[in-house]
Every structure is written in structure tokens, then in C-alpha cells.
């Protein structure tokens, strides 16, 4: 349906949902999932598959996801493809109506799953036009609204979008982190077998949960790591009392500078121990801050499962899964911190390592879910560093 503005926005007949941006732009559509309204940052994801994993990725806290692939929902939903128990995303924007599921793993229609998860969806939106708007002008604040009677107070929704402060300066890790420490031994999914269980761990890893995806924890367990997950607010003492062989810094949502007010001093204390340390996404940004670099809000960010990244040390190109709206400022990297990976989309920093120390990080998601597994070797690199440290 058409992209209109507040001043010339006659509501098309039969519409039961709307996407309303802070600049007054209105996209009319048909509602699916939960009813009501949610405000957040409107972003786009270019992945062709894995919408359920995407919607349950805690890194999407505070965001409304526009799927650029038009056919979302045709494989249904199932209880296995969850990256968190409770979705943190605010809702989703879709081009086509959701069709009946057509996949042997489907246990539920996507519409029913959205309702059960309390997620608002809008179909019938010109997602190409909306994506171009985000591409050209950056990710806007917006409201996604679904009312079966089709009654909307558009000026009030515009005001709500304008009033929302945006993600810059917002600490969202505390909203999605675990409430208490727990152990993780589930391994990665395999055809016919489903998920497995780690029975003979070789290494002890403490994972700091800033919004950790489950498949990261599964990937670590798959490599023989007994994982102890601690909250984002855990102290260095909380982490080190488990006597880990290595420390992992997870992905997560929000502004790394805001989360860094309490996370950076902890990471700096852990770095002093010389233990192997591996960070992904927000963990990568927080590590950079702890090493003395700075982060910044990106115009659009990277979200999808087809992002090309070059390994500067090997020359190889990896197709990666990514979801982030902040980046590390290359110009602020201190001496002794080497850039290892770079985005072939916009030349932004995608990986770091500390020279002479077992410390490294990447901006992207080597665990995939969804996406390619080109970068899974990074978990092996972390394990190798722990093996060397143990002698």
C-alpha cells in the first residue's frame, strides 16, 4: 500500500494497521499478530530466511523489523528456532500476507505465534519504499499499530514517535539479560537428532549475557565448553570466581557507550588476568571501549544474513550474519589493537585483536541462526587460545 504523509493521508478501506514515522509518514496495511501499538526504531533486515530467529534475537530490543524478503511466514513457526524465550523486538513489517505454513518442521502459523509472543505485525506494506527511505535518511523512530476496527489517532501516533528518545544513549542490555547465573550445556541442532547435550566438557567458559543468542551458547558447548552464563551487571569477581579458562562477551542491544558505564570497568579487570577473551557484536563494541576506542551510531547499521566481510589477515571473504546499529570508530583504535576484519559494504570495522594477547572480537555473528556458517571457525580459534593458555 502507498506511502503517504500526515497532511495527505486518507486511510484506504479495509486497513487495520499502520506504520507511522516521526516525520509524519504513514504506511497503511493489514494487522497480524497482537493488537495495540509499540514505538521503536524502524530498521530493515535483508535475510531471506530465519524470521523466527531474527524476531527472537535480543539484539533487536527497541526495534521494529522491516523484512525486505516479501514472503515471510510461509514456513510457519516451531519451538526449536528461538534465540530467546521472550522476543525483545517491538514488531515486524511485511510485504505479503502470511500464507499457511508449508514446512515439515512447522508447529504453528506465524500469525498465531506472533499473537502468543505479544508481537504486532503489519502486512501489505510497500517494504521496498520503506527500505529506501531508511537507506537514504537513516533508521527513523516510528510506531507500529494494529487495531481490528481500523480506528487510529494518527497525530497522536506521530507525537508518540517523535517523543521516543531513540537508541542512542539507551542501555537495553539490562532489559534482556538473564536475572541470575545459570549453566548451559545444550549443543547445536542436527537433522533428525535435534539439539544435543555436552557430556564431557574440556573447557570452562563464563559468558557475560548482554542479550546472548542461544546459538552462541550452543556453538560454545559444541566445541566442548561448559558455559556459565552471568548477568550483564556481573562484577569481575563474579566472573572470575568460576575459574574460567576463557571469558565470552555476548551480543546485545542498545548503545554500547551506555552499557559500557558498568561493563567497561569489569572487562578491563578481566583483561588484566590474561585469560582468553572473545566478544561478538555488542561484546565486540564493549571490548573496544575497554581498550580505549570509541563507538558511534551508524546511519543504517547492518542487519541480514548476506553481509560480506574481508579477513585482513588471510584475504578471505566471509558471508556473514549481522545485526547492529553501532560501530567501532577506526580512528580511535589505540596502539596494540589491530583491525582484523572489514565490511565490504561500507568499510566499517568488523573485527579486532590485541597484539600479543589472547583477546579478539568480531562485529558479526559467527553462530548464524539465521545465516551462513562461514565464520564458525572463530569458536575454534577461541578454544585453541584456551588450550594454549592451559598448556
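In full-length UniProt numbering, the protein residues as written are 1 to 391. We put the beta carbon where it would ideally sit given N, CA and C, even for glycine.
About 15 Å separates the beta carbon of residue 245 from that of residue 357, a gap too long to meet the 8 Å contact definition. Here residue 45 is buried: its Cβ has 16 or more other Cβ atoms, across all protein chains shown, within 10 Å. Contact between residue 115 and residue 34 holds, since their C-beta atoms are separated by about 6 Å, short of 8 Å. Between the region 233–243 and the region 140–156, the count of C-beta pairs closer than 8 Å stays below three; the two stretches do not touch.
Counting only runs of at least 3 residues, the region 309–385 fully encloses the following beta strand (DSSP E) elements, listed from N- to C-terminal order: 317–328, 337–343, 349–354, 359–362. Contact check between the region 72–83 and the region 223–231: fewer than three CB pairs, one atom from each, fall below 8 Å, which does not count as touching. The Cβ atoms of residue 370 and residue 49 sit closer than 8 Å to each other.
Residue 139 is positioned such that its CB atom lies closer than 8 Å to that of residue 325. Assigned with DSSP and collapsed to three states, residue 188 falls in coil, not helix or strand. In the DSSP assignment, residue 65 falls within the beta strand (DSSP E) that extends over 63–67. Assigned with DSSP and collapsed to three states, residue 11 falls in coil, not helix or strand. Ranked by Cα distance from residue 86, the first of 360, 381, 176, 13 is 176.
Under DSSP, no beta-bridge partner is assigned to residue 305.
For residue 31, the closest alpha carbon among the candidates 152, 106, 216, 51 is that of 152. Residue 285 sits in a helix when the DSSP states are folded into three classes. Between the region 209–225 and the region 182–200 there are three or more inter-stretch CB-CB distances shorter than 8 Å, so the stretches are counted as touching.
Residue 377 and residue 223 have their C-alpha atoms some 10 Å from each other.
If you keep only unbroken beta strand (DSSP E) runs of at least 3 residues inside the region 87–160, you get 91–93, 120–123, 141–146. Just measuring C-alpha positions, the residue of 43, 98, 88 sitting nearest residue 128 is 43. The region 305–325 and the region 341–349 touch, with no fewer than 3 CB-CB distances between them shorter than 8 Å. The alpha carbon of residue 16 has as its nearest neighbour, out of 241, 36, 158, the alpha carbon of 36.
For residue 217, there is no enclosing beta strand (DSSP E); the enclosing alpha helix (DSSP H) has its first and last residue at 214–222. Three or more Cβ pairs closer than 8 Å define a contact, and the region 299–310 falls short of that threshold against the region 266–280.
Between residue 307 and residue 351, the alpha-carbon positions lie close to 14 Å from each other. In this structure, 289 is the residue among 52, 289, 105 with its C-alpha nearest to the C-alpha of residue 328. Ranking 209, 242, 381 by CA distance to the CA of residue 179 puts 209 first.
In this structure, residue 286 places its C-beta atom within 8 Å of the C-beta atom of residue 263. At least 8 Å separates the beta-carbon of residue 134 from that of residue 91. Shown here, residue 290 sits in a helix according to DSSP, grouped into three states.
In this structure, residue 256 sits near residue 295, with a CB-CB distance shorter than 8 Å.
Around the Cβ of residue 349, a 10 Å sphere holds 16 or more other Cβ atoms; the residue is buried. DSSP lists 17 as the beta-bridge partner residues of residue 29. Annotation: the continuous alpha helix (DSSP H) that includes residue 173 extends over 173–176. By the criterion of a C-beta distance shorter than 6 Å, residue 374 is surrounded in its chain by 318, 319, once the five residues flanking it on both sides are discounted. Taking all protein chains in view, the Cβ of residue 193 is surrounded by fewer than 16 other Cβ atoms within 10 Å, so the residue is classified as exposed.
In the DSSP assignment, residue 209 falls within the beta strand (DSSP E) that extends over 203–209.
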